[in-house]
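See structure below.
Numbering (the working numbering), first residue to last: 17 to 140.
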């Protein structure tokens, strides 16, 4: 739980710093940034799901975060080098994973303390 609180504090600090600093990225980097952000969201939602399932491992989270982000950026780079839009493959893959993780998180939160139904009409 401590890791989750620290990561949320870091996220809030990062958002505050990002909103406070005026950085202009060239348009040619937009594809790389968008896939990297999707990769980061995929890892974050996967980490939240793992925390709810009590399977969270910091090493898996960190290595997944960096490897997913690097792979997505590499796909975008190779695609632009070849003249093929490979960012679409990364967007579809990460999009599917994000929605699957969100569905699993919703399911786990809704049915965490599911109480079995007891039919009282059968008792005499």
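From the three backbone atoms N, C-alpha and C, an ideal C-beta is built for every residue, glycine too. Note that the structure is a prediction, hence the values are computed from the model and not measured.
- Residue 117 and residue 61 have their alpha carbons spaced roughly 6 Å apart.
- In this model, residue 103 and residue 52 are separated by some 10 Å (Cα to Cα).
- Under the Cβ criterion (8 Å, minimum of three pairs), the region 89-101 counts as touching the region 43-57.
- Annotation for residue 125: 68 place their beta carbon closer than 8 Å to its own, counting only its chain and skipping 5 residues before and after.
- Between residue 55 and residue 85, the C-beta spacing is below 8 Å.
- The continuous alpha helix (DSSP H) containing residue 123 extends over residues 103-126.
- The three-state secondary structure of residue 95, taken from DSSP, is helix.
- Per DSSP, the continuous alpha helix (DSSP H) segment holding residue 58 begins and ends at 46-68.
- With respect to the 8 Å criterion, residue 114 and residue 72 are not classified as neighbours on the basis of their beta carbons.
- A direct Cα-Cα distance of roughly 13 Å separates residue 31 from residue 39.
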